[in-house]
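>
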Amino acid sequence: MLVGLVCWAGFAVVVFLVVTGRGGAFDDAGLRIWRAASDLSLPRGPEWLVEAVRDLTALGGTLLRNIFAVAAVIALLFLRLRREAFLFAATVSSGWIVEFALKVAVGRPRPVIVPHLMGAGGNSFPSGHSFNSAVVYIAMALAFASLSSRAKVRATIIGAAIMGTLLVAVSRVWLGVHYPTDVIAGWLGGAGWAFSASALLYKPAKVVANGTFNQ
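Residues in the sequence shown are numbered from 1 upward in steps of one, following our numbering.
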């Protein structure tokens, strides 16, 4: 719960910077740094990097993210981790609602500073890929980490999920479809939801799991 609150505090700071217009210079520089100075339509790096980043960002897209989420629920139920399965499902489904509400509340349009290297629609803040990938993969890591009694193993699993979701967040800025503040807020909000929901929904998930399977 403490980790979740820290993440949400960071999210609030980013929201303040965005709504007051104080993050404009940071956003502008953060988008331009990945592009050739002579032509902003050209990304820095070798040609294969564009496809690699698109593949990486797909991990935070709706299709792959939900495939992994459904597979995780099935695996947890197969392993008889009913409480973890219900907790994970509740965290992910409620996270969708939170992310949608935040996008509607802020209503920020997509950046036009640099050309987009892939299609993207809808509001820009917070980044849906960053938010939802953090929710799904960190919540998934928390669920499967419960299989081990070793703290180092649990930390490694959760740490890998954090690093992976951070890469997804960076990919959105690299592709030019989000401002840096979009992805920072998205990741902080998603991670905050994954950690705080695991604490807040723990007992309800246990009750539901026991009640459902004891009938």
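Glycine is no exception: its CB is placed at the ideal position from the N, C-alpha and C atoms.
Please read all numbers here as calculations on a predicted model, not as lab measurements.
To which residues of the same chain is G186 closer than 6 Å at the C-beta, ignoring the five residues directly before and after it?
Excluding sequence neighbours, G186 sits near P126, S127, S130, F131.
> Can you tell me the Cα-Cα spacing of R44 and A29, whole angstroms?
So the alpha carbons of these two residues sit roughly 14 Å apart.
> Does the segment 74–89 come close enough to the segment 132–152 to have 3 or more Cβ pairs within less than 8 Å?
Contact holds: three or more Cβ-Cβ distances are below 8 Å.
> What first and last residue would you give for the alpha helix (DSSP H) that runs through L147?
That residue, L147, is in no alpha helix (DSSP H); it is neither H nor E in DSSP.
> Short of 8 Å in beta carbon distance, which residues of its chain neighbour I158, apart from the five on each side in sequence? Order them along the chain.
Result list for I158: I138, A141, L142, A145, in chain order.
> State the Cα-Cα distance for the pair P180 and E84, rounded to the nearest angstrom.
Rounded to whole angstroms, P180 to E84 spans 33 Å at the Cα level.
> Buried or exposed: where does S93 fall if 16 or more other Cβ atoms within 10 Å of its Cβ makes it buried?
S93 is exposed by the Cβ-count criterion.
> By the DSSP assignment, the beta strand (DSSP E) with P43 in it spans what residues?
39–43 is the span of the beta strand (DSSP E), which, as asked, contains P43.
> Considering Cα atoms alone, identify which of V112, V114, G189, T20 is closest to E99.
Checking every option, the nearest Cα to that of E99 belongs to G189.
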